[in-house]
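Counted from 1, the sequence shown has number 442 at position 442 by UniProt numbering; the numbering is strictly sequential.
See structure below.
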Amino acid sequence: MPITTKGGKKNRLAMRCTIPEISWHNRDPVLSIDIQKQHSDEPFYRLASGGTDSHVLIWHVKSNEDGTTTVDFASDLVRHQKAVNAVRFSPCGSFLASGDDESAIIIWKKRQDSDAPDIGSTVDAEANKESWIVLKILRGHLEDVYDLCWSPDSTSLISGSVDNTAIVWDIHKGSRAILQDHKGFVQGVSWDPKNDLLATLSSDRKLRVFQANSKKIVARVGKAPLPVPKDHNLHGKKINLFHDDTIQTFFRRLTFSPDGELLIVPSGVIEPQEAGKKPASTTLVFSRRLLNRPVCYLPSLDQYSVCVKCCPVLFELRNIDPSTKPESMFALPYRVIFAVATASAVVLYDTQQPMPFGYVSNLHYTRLTDLAWSPKGDLLMVSSTDGYCSIITFSPGELGIPYEQREEISSQPKSEAPINNSVSTNQEADDVSKLVSSQSEKVANIDLGDDDDFEGIKKLDEEIHEEKKKPREDSLSNMNVQKLSEENSLTSNSTNCNSPELKSSVSGTDPSQACDSASTTIAPNVGDVITTPGNSGKKARRVQLITLSSPKSKKKLL
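The following block contains the structure:
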């Protein structure tokens, strides 16, 4: 398995590639892998794998000082009835989602001492080092689930399916929002780390980007001008950006960069405009500020790409000449490293240069299916339909110096209580409004084809501006809150400690505390004054309040 780096020199990098002699899923195809996002004090990485044997397996992967790796079996999760196509750990590290060919999505949680045992499990508990229980089963798709991706705060999940839909799930409530714009299999989904956008890639040769809150489409990209010089006779001619459904792959797994600035999409193609030439496969890079056409084409020639995964660690720019400032292909103060899996090879890129800095070929006998980076960026795993997984390890400092001045981009993981994603904060709404308004003219130029409905996109900015003009419910500058006549009048608005939503929250959260905090927020003390920011100079005015209905009394005025 040759490992080639920039310049064609072999083994210039110290990275090592090994294929453990492990029958991962009884030698059946391994369709998906993922490494737990948060690495605790445990001396290993927790890996999940899913295969056609309908099992989800948990492994402990340990990196040794000599560059070797040790893989130990930890647990067998057996609630699926058909092939498992996708496994994904939540960013908070508490949950594991898995989707199968039976259109079911199972949310798993590592069992704590206080949790009840999983009575549905048929596996011998003595063979498992860890015990995992089913938190929820999400049913809504009609066909196979091909890909999954968590929201940055671990409260929601997006899934793509063969039924031509993508569904956004609220994990705590079990509610769903169906994205029905697709006209082909949804083979890849991704959630923006800034929690503003959702991206899907379908076999209908189109990339779609939605707003995370409103679920309205922001961009639908299928064609773009041919990337040729201005003086070329084909300049301005639009071509298809993506392969059709004839390529032999189940997956088109796209991803956002860790900072959310870039969207990297596999299965791209540059179709020849001259007779006798073959199409060239590419991986496309989009900017979140310019979603109607790629900003970069990364060619893979005769091998189509099926999966892209970014290293979770950002790195400082390489300074080849100490006397000059380091240059970058993108206007970023750091480097984003990402791996592209083609049918039979893994190509390593960074955002500082257009050429790959690493290339690993002849890893497996059959097609590659998925990639997974370790949280520290020192390990990259590859799965294949030949039933094996390979491990690429990097020595300390080999990929560069970690970028230390990185700001927090994604929302903090929240697992204490259910969150209603349909209601966003003012800051989130303003951010989305600025993003869409800055791109309104560019979105209008997207090639939609003859069959696509363009009216929704044209009205998107108008609806957002109209929404901002609506008066806020809390527009009163000051409110003097009076005591309610009955203590039970808050029953209809308080959090039910016995509700299934609260029971399904992450272990370690006391439901009684959640109820206390909810009731405290709803019922302030007598004489408390609630002041909205920016209006403290206005005179307070007293407002009549109406008690909420209770089981034993009628509504009455205070």
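The beta-carbon is built from N, C-alpha and C at its ideal position, and this holds for glycine as well.
Source: prediction; values computed, not measured.
If you compare alpha carbons, which of the options is closest to residue i?
i: Arg318; options: Pro402, Ser374, Leu290; result: Pro402
i: Phe73; options: Tyr45, Pro91, Ser98; result: Tyr45
i: Thr366; options: Cys17, Asp28, Ile22; result: Asp28
i: Gln36; options: Trp150, Pro299, Asp66; result: Trp150
i: Gly260; options: Gly276, His25, Asp245, Phe286; result: Phe286
i: Asp153; options: Arg176, Val134, Ala212; result: Ala212
i: Thr351; options: Cys92, Lys109, Ala86, Cys311; result: Cys311
i: Ile264; options: Glu271, Lys309, Asp378; result: Lys309
i: Pro375; options: Gly99, Glu271, Asn233, Ser63; result: Ser63
i: Arg139; options: Arg293, Ile107, Pro272, Gly93; result: Ile107
i: Asp147; options: Pro193, Ala97, Asp181, Asp192; result: Ala97
i: Val71; options: Ile22, Glu102, Phe251; result: Ile22
i: Asp204; options: Ser190, Leu157, Val221, Val87; result: Val221
i: Val360; options: Pro354, Ala372, Ala345, Trp373; result: Ala345
i: Ala372; options: Gln81, His243, Arg253; result: Arg253
i: Ile247; options: Ser202, Ile137, Lys238, Gly358; result: Ser202
So what does DSSP say about residue i, is it helix, strand or coil?
i: Ala127; result: helix
i: Val78; result: coil
i: Pro299; result: strand
i: Thr282; result: strand
i: Ser49; result: strand
i: Lys223; result: strand
i: Trp24; result: coil
i: Ser54; result: coil
i: Thr366; result: coil
i: Gln187; result: strand
i: Asn240; result: strand
i: Ala275; result: coil
i: Arg16; result: strand
i: Arg139; result: strand
i: Phe251; result: coil
To which residues of the same chain is residue i closer than 6 Å at the C-beta, ignoring the five residues directly before and after it?
i: Ser383; result: Val30, Ile33, Thr369, Asp370, Cys389
i: Ser300; result: Ser281, Thr342
i: Ser257; result: Cys310, Val336
i: His364; result: Ser384, Asp386
i: Arg472; result: At Arg472 the pLDDT is 40, less than 50, meaning the model places this residue with poor confidence and gives no usable figure here.
i: Val313; result: Gly377, Pro402
i: Leu557; result: The predicted position of Leu557 is uncertain, since its pLDDT is 45 and thus under 50; no value can be drawn from it.
When you compare only the Cα positions, how much space is there between residue i and residue j?
i: Asp451; j: Leu241; result: A caution first: Asp451 carries a pLDDT of 40, below 50, which makes its placement in the model too unreliable to give a value.
i: Ile178; j: Lys230; result: 42 Å
i: Ala104; j: Ser328; result: 44 Å
i: Glu316; j: Glu143; result: 44 Å
i: Glu398; j: Glu42; result: 23 Å
i: Met15; j: Ala343; result: 21 Å
i: Glu404; j: Ile337; result: 15 Å
i: Glu130; j: Val56; result: 13 Å
i: Val84; j: Ser175; result: 23 Å
i: Thr68; j: Val61; result: 10 Å
i: Ser267; j: Thr255; result: 13 Å
i: Met381; j: His232; result: 42 Å
i: Ala219; j: Asn195; result: 16 Å
i: Ile19; j: His235; result: 46 Å
i: Ser291; j: Thr165; result: Looking at the sequence shown, residue 291 is not Ser but Leu. Straight-line Cα distance between these residues: approximately 21 Å.
i: Leu262; j: Val134; result: 34 Å
i: Leu348; j: His141; result: 34 Å
i: Asp163; j: Ile320; result: 50 Å
i: Thr393; j: Pro294; result: 31 Å
i: Ile270; j: Asp244; result: 12 Å
In terms of DSSP beta bridges, what is residue i paired with?
i: Phe73; result: Trp59
i: Met329; result: According to DSSP, which records beta bridges pairwise, Met329 is partnered with nothing at all.
i: Asp100; result: Val84
i: Met381; result: Ala372, Ile391
i: Glu316; result: Tyr334
i: Ser156; result: Asp170
i: Val269; result: Ser281
i: Ala199; result: Ser190, Val209
i: Val145; result: Ser161
i: Val308; result: Val340
i: Asp34; result: Ala48
i: Leu291; result: In DSSP, Leu291 forms no bridge with anything.
i: Arg176; result: Trp169
With a threshold of 8 Å on Cβ separation, who are the neighbours of residue i within its own chain once the five nearest residues in sequence on each side are excluded?
i: Gly276; result: none
i: Ser422; result: Note that Ser422 scores a pLDDT of 33, beneath 50, so its modelled location is shaky and nothing firm can be said.
i: Trp132; result: Ile58, Ser75, Leu77, Leu96, Trp108, Lys109, Lys110, Arg111, Asp118
i: Lys136; result: Ile106, Ile107, Ile171, Gly174, Ser504
Going by beta carbon distance, what residues of the same chain come within less than 7 Å of residue i, once the five residues before and after it are set aside?
i: Asn26; result: Asp53
i: Ser305; result: Pro266, Ser267, Ser281, Thr283, Val340, Ala341, Thr342
Any heavy atom of the ligand NAD closer than 7 Å to the beta-carbon of residue i?
i: Tyr146; result: The model on display carries no ligand, and the ligand NAD is accordingly not part of it.
Does residue i come within less than 8 Å of chain C when only Cβ atoms are used?
i: Pro29; result: In the displayed structure, chain C is absent; only one protein chain is listed.
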